[in-house]
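Student: Residue numbers (this note's numbering): 3 to 268. Here you go, one structure.
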Amino acid sequence: MFYLFLAKQFIRTQWRSQNEYRFSFIMGILAQGTNFVFRYLALYLLVSRFGSLNGWNSRELLLIYSFSQFTYAIGSTFTHDLCRQLPNLARTGDLNSYLIRPVHSLFLAIFTNFNVGYITHFTISATVMIFSFISLGVTLNLWGILWLVITLVSGGIISGCVFLISSLPSVVAIGNVSLKNITYVFKDVVQYPLSIFGTPLQIILTVFIPLGFTTFYPLQPLLGKQDMGIFPVFIQYLSPLVAIVMVLLLLLAWRTVINKYESTGT
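Structural data, given as structure tokens:
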């Protein structure tokens, strides 16, 4: 309960801080919204022209894309600013401020860098998601709604963990040494069905950088599809387990780099 209370307070503070310059905040949201609308339309028109992509029609591809954007928004809400700030925090020694408080340092780092600017991602991706389900004639029962929520939350956790873990080398190196740009490329890949890619890429995005569990695999039970590429059918139900594993890996990676971190004190 103590951590929940702290999280609520940090989120409230970040909301007030980032909303202080309201005009700039609103214009940023509108710019993002315009960009996403055109990207969704471009994808829809492209696939509609060619019919389908490996058995996935335009509405199903929009659903994958909206899932990808929604889970990305969840993960980035908690980790994007921290990933961006880590090199500077390590270089200036400001990372020390997270290590001397009577609260878990990772919790403190995440929630003091909470980003409220992903409202557009949530709004547009949720709208497209609903449109896609309706146009596909998919009616979600109680189990379907529960699995949808579990899938989105699990996907957001996986995304956030992947991005943050890939940014941690900058703490040890005391500089802008990060694998985050590579993981962002893979984030774009999972906006499409993984089965259209070769075996090496399917393995990477399932085993080593498990972003496939944010969209492609867990979405399929809701659509009645079994397009798992080279992997067995049961893999579509593993997103919650993968999310738990990724949290444990993040905690281990964070503790490891903090133990090796040498403050510059500058």
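In this text, a Cβ means the ideal position worked out from N, Cα and C, and glycines have one as well.
Rounding to the nearest angstrom, what Cα-Cα distance links V244 and Q11 in this structure?
Tutor: Straight-line Cα distance between these residues: approximately 29 angstroms.
Student: Please report the distance separating the alpha-carbon of F165 from that of N117.
Tutor: Their Cα atoms are separated by approximately 15 angstroms.
Student: Hey, would you say P242 sits closer than 7 angstroms to I147, going by beta carbons?
Tutor: No, the pair does not count as a contact, with Cβ atoms beyond the cut-off.
Student: Helix, strand or coil, according to DSSP, for N59 in the structure here?
Tutor: If DSSP states are grouped into helix, strand and coil, N59 belongs with the strands.
Student: Below 8 angstroms, can you find three or more Cβ-Cβ pairs linking the stretch 126-140 to the stretch 62-82?
Tutor: Yes: the two stretches touch, three or more of their Cβ pairs being nearer than 8 angstroms.
Student: Could you say which of W149, G119, L65 and P171 lies nearest to L252 if we only look at CA atoms?
Tutor: The shortest C-alpha separation from L252 is found at P171.
Student: Could you tell me if D83 is buried or exposed, where buried requires 16 or more neighbouring beta carbons within 10 angstroms of its beta carbon?
Tutor: Buried.
Student: Using the Cα positions of F218 and Q34, report the straight-line distance between them to the nearest angstrom.
Tutor: If I take the Cα positions, the gap works out to 24 angstroms.
Student: Let me make sure I understand the geometry here. Which of A175, I206, V174 and L154 has the alpha-carbon closest to that of V187?
Tutor: Checking every option, the nearest Cα to that of V187 belongs to I206.
Student: My parser needs the alpha helix (DSSP H) runs of 4 or more residues fully inside the stretch 160-191; what are they?
Tutor: Complete alpha helix (DSSP H) runs here, min 4: 171-175 and 182-191.
Student: Kindly list the residues whose CB is nearer than 8 angstroms to the CB of P212, restricted to its own chain and excluding five residues on each side of it in sequence; keep chain order.
Tutor: The answer, listed in chain order, is I160, V164, V244 and M248.
Student: Could you compute how far the alpha carbon of L142 sits from the alpha carbon of I237?
Tutor: Roughly 21 angstroms separates the two Cα atoms.
Student: If R61 sits next to L138, beta carbons under 8 angstroms apart, how far is it from one beta carbon to the other, in whole angstroms?
Tutor: Contact holds; Cβ gap of about 5 angstroms.
Student: Using only CA atoms, which one of F80, T81, V49 and T79 lies nearest to I66?
Tutor: Among F80, T81, V49 and T79, the Cα nearest to that of I66 is on V49.
Student: Per DSSP, S134 is paired with what?
Tutor: None; S134 has no bridge partner.
Student: Could you tell me if A92 is buried or exposed, where buried requires 16 or more neighbouring beta carbons within 10 angstroms of its beta carbon?
Tutor: Counting Cβ neighbours within 10 Å, A92 comes out buried, since at least 16 surround it.
Student: Counting only the same chain and skipping the five closest in sequence on each side, list residues whose C-beta sits under 8 angstroms from that of N59.
Tutor: Here the set comprises V49 and G53.
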